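J.: Just so we're aligned: 820 in the numbering used here is position 783 of the sequence shown, and the numbers increase by one with no gaps anywhere. Once you've had a glance at the structure underneath, I'll fire off some questions.
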Amino acid sequence: MRLLLVIKKENVDLEKQVNKLNKFLVLNKSIKAVLTLVLLGSFSQIKAQERVPFDQGHKYILADVVLTNKISFNDQTVVTFAGLEKGQEITVPGEEISSAIKKLGKLGLFDEISFYINRIENDSIYLDLDIKELPKLNNVKFVGIKKNKTDALIKDNGLTKSKVVNENLITTTKNYIENKYKKDGYYNTKVNINVVQDTATVNQVNMVVNIDKGEKIKIAEIDFIGNEKISDKALRKAMKDTKQKNFFRILKSSKFIKAKYKTDLEKVIASYKEKGYRDARITSDSITYLKDKNALSIKINVEEGNKYYFGNIKFLGNTVYSDQLLSRYIGVKKGETYNGVLLEKRIADKTKPDGEDITNLYQNNGYLFSNINAVEVKTVNDTIDFEIRINEGPLAYFNKITVVGNDKTNDRVIYRELRTKPGEKYSKELLVRTIREIGQLGFFDPEAIDPKFKNVDAAAGTVDIEYNLVEKGSSQIELQGGYGGGGFIGTLGLSFNNFSARNLLNKEAYKPLPMGDGQKVALRLQASTYFQTYSVSFSEPWFGQKKPVSFSTSISYSKQFLNNYITGSVDKDKSFNILTLSVGLAKRLTVPDDFFVLSQSISYQHYDLNNYNTGLFTFGNGASRNLAYTIGLSRSNKGVNPIFPTYGSEFSLTGKFSLPYSLFNGVDYATLGDKEQYKLKNTVDQSNQVDANGNTVNIGDYIDASGNKVFNYQDAAADPALVDQKKFNWLEYYKIKFKADWYTKVYGKLVLRTLTEFGFLGAYNQDRGVVPFERFYVGGDGLANYSMDGRETIQLRGYPNNSLTPINSAGEQIGATVYNKFSMELRYPITLKSSASIYALGFLEAGSSYADFKSYNPFDLNRSAGVGLRVFMPAFGLLGIDFGHGFDALPGQSAPNGWETHFIIGQQF
38 MRLLLVIKKE NVDLEKQVNK LNKFLVLNKS IKAVLTLVLL GSFSQIKAQE RVPFDQGHKY
98 ILADVVLTNK ISFNDQTVVT FAGLEKGQEI TVPGEEISSA IKKLGKLGLF DEISFYINRI
158 ENDSIYLDLD IKELPKLNNV KFVGIKKNKT DALIKDNGLT KSKVVNENLI TTTKNYIENK
218 YKKDGYYNTK VNINVVQDTA TVNQVNMVVN IDKGEKIKIA EIDFIGNEKI SDKALRKAMK
278 DTKQKNFFRI LKSSKFIKAK YKTDLEKVIA SYKEKGYRDA RITSDSITYL KDKNALSIKI
338 NVEEGNKYYF GNIKFLGNTV YSDQLLSRYI GVKKGETYNG VLLEKRIADK TKPDGEDITN
398 LYQNNGYLFS NINAVEVKTV NDTIDFEIRI NEGPLAYFNK ITVVGNDKTN DRVIYRELRT
458 KPGEKYSKEL LVRTIREIGQ LGFFDPEAID PKFKNVDAAA GTVDIEYNLV EKGSSQIELQ
518 GGYGGGGFIG TLGLSFNNFS ARNLLNKEAY KPLPMGDGQK VALRLQASTY FQTYSVSFSE
578 PWFGQKKPVS FSTSISYSKQ FLNNYITGSV DKDKSFNILT LSVGLAKRLT VPDDFFVLSQ
638 SISYQHYDLN NYNTGLFTFG NGASRNLAYT IGLSRSNKGV NPIFPTYGSE FSLTGKFSLP
698 YSLFNGVDYA TLGDKEQYKL KNTVDQSNQV DANGNTVNIG DYIDASGNKV FNYQDAAADP
758 ALVDQKKFNW LEYYKIKFKA DWYTKVYGKL VLRTLTEFGF LGAYNQDRGV VPFERFYVGG
818 DGLANYSMDG RETIQLRGYP NNSLTPINSA GEQIGATVYN KFSMELRYPI TLKSSASIYA
878 LGFLEAGSSY ADFKSYNPFD LNRSAGVGLR VFMPAFGLLG IDFGHGFDAL PGQSAPNGWE
938 THFIIGQQF
């Protein structure tokens, strides 16, 4: 026989996950509990249906707790979580059983919880625990939205397989989805979630989420009442995120978001304060739903008040800086129109972490604990006197500086970029600079860099800084295929941007390659039926590991075969080979400031032509050598995200110089064509023919420019191939380039990029002339599949590739010696997540190239405009597409060029 005592039963169903204590025997100590004793045997000492008061329960020794139902959890684990142990003293009924049920209920894993008395032996009690598990999620299905939207909702709500399904999950999922679509303007969104038992599994359910977004609700009109000094239009403009319908508005929608609306009401008041109306306030506002328009009508009642002016401004508590200096920072004079917004910004500009305000003035000099407030002390008629009360506080010093989150990058790579050093005086400017430097490394998500202040101790004057970082993929792969130049071109490139050369022999460091030291290794292979290019490069940003001196080196080899673009045939007996070597150093300077970098490099290129006769050069056999020294001075403070800079600028001036061989080689290039060894000779068998003068021309005979035989070499024409081979045996030239690039945040997330470029290729010796190498080719996307002559391709969207390059009388492109380019670009980020950064852009561009400096006209430009999109993925680099419209005609044509599509791979404009 079994004595059965129901102690408590708790329901935790899908409709309401709560501990329904009011439905059970034990509620609290003030409520008496009824314990029903069911006697299933003969126990004379126990009476059936005996009522036992809650505070007069019997004490027992817990002998055992046995789970009567089969569940997926370990029995002993459940008992342990309930807080029950064998041998402990419990009161029945009492707090121990009630507490056990509460603890199990709070786990959110069980549907029903019931304790039963199995038996009682002397002072020992044996309990049965009957519990039923909550169901787990098997599958979730969304109805009413596109399939590509479901993955994000599943991830955001954690609707993974085997997730415990309870009322809390259902409620939070429903609220999240409704709020999400309301933020997008679907204010009538309704979500209904049904849970259905899955018949093919045990204790699992399927969830069906029905989403009815309804129509997007926008704002039909925003009207202001009571405003006389500021127009409705101006007040509506002040509301940055709440806009009424306007066909011509592109960047801002007219959807209604309550939180942003409340913020915009504050901006309306701020717009009054900017114009002197300190007492302006919103007395009431109403939002009415216009059913016929499915839109909202907003009416805002304002009370403008009187216009005020600044009176005397006095500084109190300042000992570090004089009143005169602080007055210059405030920039407000007595008698000027009151501007509360401006005054607040001059004290502490919350929109600019590096703004020129008094707070930053103090915090950049160690006064972390300073506190500055503007207080109105006197108002006479329409004039307000202020006191700027300053509590400078003690000097603060950086104490402990730590970095967390760098799972791949070694600590020293990060710490050497930190501007905040232990023991140094606190500076907000150095803190902001450190964030930029870490972001510029390219190894971390720049949007996720978070410096946390820890152990801020005003008494000790110290503060700890912990930089929280999130690693992102830094290595990239380039895989391209396309048709160009008469054949298929394939490209494979690998770039390891956080390489570790010192661990090349460490087997444990290969994951799959040794990484973490901030070095860069790039490998690239490009090939087709008629050319091959191989290149490898290496760079170390801290050469010697002690100073910010960058070392770089590269080697590449190209082989080009003569290709017939019409027939597609390739003659491998005729080739053009290029070997390139370079080594360089770049040093970060400290004067004028440490944004400047001085770079120097030496490069050598060997051009070898083997029977390669094309229009590119006048000679088909021979070699040219290019030994050059390049020096550059640059300054870059753009930040913080290198993919999407929002502030700062970049300037660079570079010069590339070969040796002035003409000064010491003793060659007179003006009379080179008069010498016998450079005269033109016949190379074609014409033994059966005579020239215009009736002479038979044999192989090796001197001839004039018309091919007629001459008997004296002085009368023969100069052989341009031999002359140019001598002129360009060692290339002699200089090249100057300038680039200026600015980034300015114009509104919200909208960023304006302005760019100007200039390049000039010159010669030391005009008799020798400008080399046919190293020239500029302007137009198109700027992607050079291959380069045989050291040319530089300059991007100018809206025109075909290289189409804006000077041509000769035969219509062949000869390359430019001068070019300039101007560009304006508006950028707007769609997402800046580390997995993929995407931004849209619109651009205006103008530029041109010129055969020589005499024909240079900076105002004779080819103009274009268009739109584009950029996508940066860590594994593939920058990808993009642009649609550009050229407003001007190509050389030799009269009609505007029109639209062009450009695909961008691995570079930015």
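In this text, a Cβ means the ideal position worked out from N, Cα and C, and glycines have one as well. Note that the coordinates shown come from a computational prediction; the quantities given were computed from them, not determined experimentally.
Let me know the secondary structure DSSP gives Leu40 once reduced to three states.
T.: As a working note, residue 40 is residue 3 in the sequence shown. At Leu40 the pLDDT is 35, less than 50, meaning the model places this residue with poor confidence; the figure from the coordinates comes in the next sentence. Residue state, collapsed to three classes: coil.
J.: Please classify Glu849: is it buried, with 16 or more other beta-carbons within 10 angstroms of its beta-carbon, or exposed?
T.: Counted from its first residue, the sequence shown places residue 849 at position 812. It is exposed - the Cβ of Glu849 has fewer than 16 other Cβ atoms within 10 Å.
J.: Leu664 by DSSP, collapsed to three states: which one?
T.: Walking along the sequence shown from the start, residue 664 turns up at place 627. Three-state DSSP puts Leu664 in a strand.
J.: Hey, quick one: how far does the beta strand (DSSP E) through Arg864 stretch, first residue to last?
T.: Counted from its first residue, the sequence shown places residue 864 at position 827. It spans Val855 to Leu869 - the beta strand (DSSP E) in which Arg864 sits, taken as one unbroken run.
J.: Can you say whether Val102 is buried or exposed, counting buried as having 16 or more other CB atoms within 10 angstroms of its CB?
T.: Sequence index remark: in the sequence shown, residue 102 carries index 65 (1-based). With 16 or more other Cβ atoms within 10 Å, it is buried.
J.: Could you give the distance in angstroms between the alpha-carbon of Leu74 and the alpha-carbon of Tyr153?
T.: Within the sequence shown, the letter at position 37 stands for residue 74. Within the sequence shown, the letter at position 116 stands for residue 153. Below a pLDDT of 50, predicted positions are generally treated as unreliable, and Leu74, at 29, falls in that range; the measurement from the model is reported next regardless. Straight-line Cα distance between these residues: approximately 10 Å.
J.: Under the assumption that Val180 contacts Asn240 (Cβ atoms under 8 Å), give the Cβ distance between them as a whole number of angstroms.
T.: Mapped onto the sequence shown, residue 180 falls at position 143. Mapped onto the sequence shown, residue 240 falls at position 203. Not quite, the Cβ-Cβ distance comes to about 25 Å (not below 8 Å), so this is no contact.
J.: By Cβ distance below 6 Å, which residues in the same chain neighbour Ser321 in space, the five residues on each side in sequence not counted?
T.: Taking the sequence shown and counting its residues from 1, the one referred to as residue 321 is at position 284. Contacts found: Asn338.
J.: If you draw a straight line from the C-alpha of Asp193 to the C-alpha of Lys344, how long is it?
T.: Start at 1 with the first residue of the sequence shown, and residue 193 comes out as number 156. Start at 1 with the first residue of the sequence shown, and residue 344 comes out as number 307. Distance between the alpha carbons of Asp193 and Lys344: 50 Å.
J.: For Leu506 and Val908, I'd like the C-alpha separation in whole angstroms.
T.: Residue 506 sits at position 469 when you count from the first residue of the sequence shown. Residue 908 sits at position 871 when you count from the first residue of the sequence shown. About 22 Å.
J.: Grab me the residues of Ile472's own chain with a C-beta within less than 7 Å of its C-beta, minus the 5 sequence neighbours each way, in chain order.
T.: In the sequence shown, residue 472 corresponds to position 435, counting from 1. Taken in chain order, the residues that qualify are Ile486, Pro488 and Val677.
J.: Would you mind reading off the limits of the alpha helix (DSSP H) that contains Ile138?
T.: Counting from 1 along the sequence shown, the entry for residue 138 is found at position 101. That run of the alpha helix (DSSP H) goes Glu132 to Lys143.
J.: Where Glu454 and Asp761 are concerned, what is the direct C-alpha to C-alpha distance, given to the nearest angstrom?
T.: Translated into the one-based positions of the sequence shown, residue 454 becomes position 417. Translated into the one-based positions of the sequence shown, residue 761 becomes position 724. Cα to Cα, the separation comes out at about 50 Å.
J.: Among the residues of its own chain, which have a CB less than 7 Å from the CB of Tyr434, if the five just before and after it don't count?
T.: Numbered from 1 along the sequence shown, position 397 holds the residue referred to as residue 434. Answer for Tyr434: Gly460, Glu461, Lys462, Tyr463, Gly498 and Thr499, listed in chain order.
J.: Is the beta carbon of Lys491 less than 8 Å from the beta carbon of Glu424?
T.: For the purposes of this step, residue 491 is identified with residue 454 of the sequence shown, where counting begins at 1. For the purposes of this step, residue 424 is identified with residue 387 of the sequence shown, where counting begins at 1. It is not a contact, given that the beta carbons lie outside the stated cut-off.
J.: Tell me, to the nearest whole angstrom, how far the beta carbon of Gly852 is from that of Arg828; I am working on the premise that it is less than 8 Å.
T.: On the sequence shown, residue 852 is found 815 positions in, with the first residue counted as 1. On the sequence shown, residue 828 is found 791 positions in, with the first residue counted as 1. Yes, Gly852 and Arg828 are in contact; Cβ-Cβ is about 6 Å, under 8 Å.
J.: Rounded to the nearest angstrom, what separates Ser871 and Pro911 at their Cα positions?
T.: Walking along the sequence shown from the start, residue 871 turns up at place 834. Walking along the sequence shown from the start, residue 911 turns up at place 874. Distance between the alpha carbons of Ser871 and Pro911: 8 Å.
J.: Run through DSSP, which three-state label would Asn155 get?
T.: The residue you call residue 155 lines up with position 118 of the sequence shown. In the structure shown, Asn155 sits in a strand (DSSP, three-state: E or B).
J.: Where Ala926 and Trp767 are concerned, what is the direct C-alpha to C-alpha distance, given to the nearest angstrom?
T.: As a first step, residue 926 is located in the sequence shown; it is residue number 889 there, counting from the start. As a first step, residue 767 is located in the sequence shown; it is residue number 730 there, counting from the start. Their Cα atoms are separated by approximately 38 Å.
J.: Excluding sequence positions up to five away, which residues of its chain have a Cβ less than 7 Å from the Cβ of Gly131?
T.: Along the sequence shown, read from residue 1 onward, the residue named residue 131 stands at position 94. Taken in chain order, the residues that qualify are Gly94.
J.: Three-state secondary structure (DSSP) at Thr236?
T.: Taking the first residue of the sequence shown as position 1, residue 236 is located at position 199. Correct three-state label for Thr236: coil.
J.: Using C-beta distances below 8 Å, list every residue in its chain close to Ile409, excluding the 5 sequence neighbours before and after it, in chain order.
T.: Residue mapping note: residue 409 aligns to position 372 of the sequence shown, counting from 1. Around Ile409: Ile384, Ala385, Ile395, Thr396, Tyr399, Ile425, Arg426, Ile427 and Asn428.
J.: Report the start-end ranges of each beta strand (DSSP E) in the segment 877 to 912 that is 3 residues or longer and not cut off at the edges.
T.: For the segment 877 to 912, whole beta strand (DSSP E) runs of length 3 or above, ordered along the chain, are 899 to 910.
J.: Using 8 Å as the threshold, is the segment 670 to 684 in touch with the segment 732 to 752, meaning 3 or more CB pairs across them?
T.: As far as the Cβ criterion goes, the segment 670 to 684 does not touch the segment 732 to 752, which means the pair count is below three.
J.: With distances taken from CA atoms, which of Asp422, Val417 and Asn418 is nearest Ala411?
T.: On the sequence shown, residue 411 is found 374 positions in, with the first residue counted as 1. The residue with the shortest Cα to Cα distance from Ala411 is Asp422.
J.: Excluding five sequence neighbours on each side, which residues of the same chain lie with their C-beta closer than 8 Å to the C-beta of Glu158?
T.: Residue mapping note: residue 158 aligns to position 121 of the sequence shown, counting from 1. If we look at Glu158 and ignore the five residues flanking it on each side, its Cβ neighbours are Ala100.
J.: Among the residues of its own chain, which have a CB less than 6 Å from the CB of Leu104, if the five just before and after it don't count?
T.: Mapped onto the sequence shown, residue 104 falls at position 67. Taken in chain order, the residues that qualify are Asp112 and Leu166.
J.: To the nearest angstrom, how far is the alpha carbon of Tyr218 from that of Phe261?
T.: Along the sequence shown, one-based indexing puts residue 218 at 181. Along the sequence shown, one-based indexing puts residue 261 at 224. Tyr218 and Phe261: Cα-Cα distance of roughly 28 Å.
J.: Output yes or no for whether 8 Å exceeds the beta carbon distance between Glu466 and Leu379.
T.: In the sequence shown, residue 466 corresponds to position 429, counting from 1. In the sequence shown, residue 379 corresponds to position 342, counting from 1. Not a contact, by the Cβ cut-off of 8 Å.
J.: Spell out a yes or no on whether the segment 435 to 445 and the segment 361 to 378 are touching, meaning 3 or more CB-CB pairs, one atom from each, closer than 8 Å.
T.: Touching, no.
J.: Where do the ends of the alpha helix (DSSP H) carrying Arg365 lie?
T.: The count along the sequence shown starts at 1 and reaches residue 365 at position 328. Note, Arg365: alpha helix (DSSP H), Asp360 to Ile367.
J.: For the pair the segment 506 to 515 and the segment 894 to 904, tell me if three or more CB-CB distances fall below 8 Å.
T.: The segment 506 to 515 vs the segment 894 to 904: no contact.
J.: Taking the alpha-carbon of Asp752 as reference, which of Lys712, Gln642, Phe765 and Ile267 has the nearest alpha-carbon?
T.: As a position in the sequence shown, residue 752 is number 715, starting the count at 1. The shortest Cα separation from Asp752 among Lys712, Gln642, Phe765 and Ile267 belongs to Lys712.
J.: Excluding sequence positions up to five away, which residues of its chain have a Cβ less than 6 Å from the Cβ of Phe924?
T.: Sequence index remark: in the sequence shown, residue 924 carries index 887 (1-based). Arg900 and Pro933.
J.: Do you know offhand how far Val71's Cα is from Ser135's?
T.: Position 34 of the sequence shown, counted from the first residue, corresponds to residue 71. Position 98 of the sequence shown, counted from the first residue, corresponds to residue 135. Low confidence applies to Val71: its pLDDT is 30, below 50, so where it sits in the model is not reliable enough to give any reading.
J.: Do Gly817 and Tyr770 have their beta-carbon atoms positioned less than 8 Å apart in this structure?
T.: Residue 770 sits at position 733 when you count from the first residue of the sequence shown. Residue 817 sits at position 780 when you count from the first residue of the sequence shown. The answer is no: Cβ separation not under 8 Å.
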